[in-house]
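Structure first, commentary second.
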Amino acid sequence: MNTIILHTDKLDIAEKIASTIRAAYESRKAHFRFYTEQAVDIEALREEFKVDINYLPKTTVFDFTKTALFVSDMDSTLINIECIDEIADFANLKPQVAAITEKAMQGELDFNASLIERVGLLKGLNVSVLDKVYTERLQVNEGGEALVAFLKSKNIKNAVVSGGFTYFTHRLAEDIELDYDRANKLEIVNNQLTGKVEGDIVNATAKAEFVTELCQKYAISLNQVIVAGDGANDLEMMKLAGLSVAYHAKPAVVKYADIVLNYGGLDKIMDLFPTD
0 MNTIILHTDK
10 LDIAEKIAST
20 IRAAYESRKA
30 HFRFYTEQAV
40 DIEALREEFK
50 VDINYLPKTT
60 VFDFTKTALF
70 VSDMDSTLIN
80 IECIDEIADF
90 ANLKPQVAAI
100 TEKAMQGELD
110 FNASLIERVG
120 LLKGLNVSVL
130 DKVYTERLQV
140 NEGGEALVAF
150 LKSKNIKNAV
160 VSGGFTYFTH
170 RLAEDIELDY
180 DRANKLEIVN
190 NQLTGKVEGD
200 IVNATAKAEF
210 VTELCQKYAI
220 SLNQVIVAGD
230 GANDLEMMKL
240 AGLSVAYHAK
250 PAVVKYADIV
260 LNYGGLDKIM
270 DLFPTD
C-alpha cells in the first residue's frame, strides 16, 4: 500500500485528486493522506492541481520516528532572499550579481569561482549594509519558525549551512534558535568589505562535510537526517541524507529530491511525520 501526502487542507482539491487516482483518503492536521496500491504520476498531479503532493516514504526507506537531524540551506530555502544579491544592491550591482548567483544555483558555473567574483564586486561597501539587509530585507520563509519549533519538540537537532555568509547565519541561528550554523566569513577591514572571504569556501562539498561532522558529533546515522535545499550546491549534502527535500528549488534539485515542495511553506515538512 502506498501513502500519498497532499500538503493542503482544501477538501475540494482532495476530492478531485481522490477521484483522479481512485484512492481512499483521510484528513489529517493541515493535510490529506491517500492510500492506493496503484502507481501514481505525482508530477502530473502537481502540474494539474498546482499543489504540493508527495509519496510518503515507507519506513523501510526513511523512518520519521527516528529522525535526529535536520539541516537546511539558508538563502532562498530557510529565508526569502539571496543575501549576496541584496548586499550588491547597495553598490547598484544587484542585476549583475543576481545573474551570476542564478547561474551558480542552476549548476551552470563553478561555485567557488562565482563566489569569489561576486564577493569581489562588494569591495569597499560599508559593513553597515549587512545590518540593513538583515533587518530590512531578510525574512524567514513561510512556516520556517513553526518547523524549527516542531523539530525542537521532537528533540531533533537542527542546523543551517550556507554558501552565503556567517553574518547572516549567526544572527538567524540566534533569532530562531537553531542549534548550529556554518557559512563563509566576509573579510572586513576598517568597517569595509575587502571583497574577499576568510578561510576555505563553504561550497557543495563543505556543506556535505558539515552534515557528516554533525552526524559524527552526535552518533547519528545518515539515514536519520533530513536535508532541505534549493540550489545545485545543495545536491551533495542532499545525496548524503536519508531524506532530501527540494524547497521551491531549481530543476536539477527537484529532479533528484525525495520530497518536492513548490507551493507551500517549510511547515509542510511536518506533514510527513506521524500524527499523534
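Take the sequence shown: its position 239, counted from the start at 1, is 238 in numbering that gives the first Met the number 0, and no numbers get skipped.
Glycine residues also receive a C-beta, built at the ideal position from the N, C-alpha and C atoms.
Keep in mind that this is a model prediction, so the values were computed, not measured.
What does DSSP give as the partner residues of residue i in its beta bridges?
| i | result |
| --- | --- |
| K184 | E197 |
| D72 | V160 |
| F89 | In the DSSP output, where bridge partners are listed per residue, F89 has none listed. |
| T35 | N1 |
| Y179 | A158 |
| H30 | R27 |
| I78 | V139 |
| Y255 | Bridge partners of Y255: none, in fact. |
Where does the unbroken beta strand (DSSP E) through residue i begin, and where does it stop?
| i | result |
| --- | --- |
| S127 | Premise fails: S127 lies in the alpha helix (DSSP H), S127 to E135, not in any beta strand (DSSP E). |
| V259 | I258 to L260 |
| R27 | A23 to R27 |
| V244 | L242 to Y246 |
| I225 | V224 to G228 |
| N232 | It is not in any beta strand (DSSP E) - N232 carries neither H nor E in the DSSP assignment. |
Using CA coordinates, which residue listed in the options is at the minimum distance from residue i?
| i | options | result |
| --- | --- | --- |
| P250 | A172, E47, D229 and D266 | D229 |
| G263 | L150, E116, L146 and Y133 | L146 |
| T165 | E186, Q215 and D88 | E186 |
| I279 | L213, A112 and N53 | Outside the shown range of the chain, which is 0 to 275, sits residue 279, and nothing can be said about it. |
| M293 | L44, V159 and K267 | With the chain covering 0 to 275 only, the question about residue 293 has no answer from this structure. |
| A248 | N222, Q37, L271 and D51 | D51 |
| A67 | K57, L242, T19 and K267 | L242 |
| I312 | T19, L44 and Y54 | Since the first residue of the chain shown is 0 and the last is 275, residue 312 is not available in this structure. |
| L44 | Q191, K15 and R136 | K15 |
| E222 | I115, R181, E36 and D62 | With the sequence shown as reference, residue 222 is identified as Asn, and Glu is not the correct amino acid for it. When each option's Cα is compared against that of N222, the closest is D62. |
| D11 | E25, L171 and D109 | E25 |
| L239 | V132, T64, F69 and I175 | F69 |
Along the chain, where does the alpha helix (DSSP H) that runs through residue i open and close?
| i | result |
| --- | --- |
| F48 | I41 to F48 |
| N111 | F110 to G119 |
| I20 | L10 to I20 |
I want to check one thing, is the minimum distance from the CB of residue i to the heavy atoms of the ligand HEM below 7 Å?
| i | result |
| --- | --- |
| I83 | By its list of ligands, the structure shown contains no ligand whatsoever, and the ligand HEM lies outside what it can speak to. |
Q | the stretch 73-89 contacting the stretch 126-140, beta-carbon criterion three pairs below 8 Å | A | Verdict: yes, contact present.
Q) So, do the stretch 80-97 and the stretch 208-223 have three or more beta carbon pairs nearer to each other than 8 Å? A) When Cβ pairs closer than 8 Å are counted between the two stretches, the stretch 80-97 is seen not to touch the stretch 208-223, the count staying below three.
(Q) For the stretch 45-61 against the stretch 0-13, do three or more pairs of beta-carbon atoms, one drawn from each stretch, fall closer than 8 Å, so that the two count as touching? (A) Flag = yes, the stretch 45-61 and the stretch 0-13 touch.
Q) Is the stretch 192-204 touching the stretch 117-124, taking contact as three or more C-beta pairs under 8 Å? A) Contact between the stretch 192-204 and the stretch 117-124 is present, because at least three Cβ pairs lie under 8 Å.
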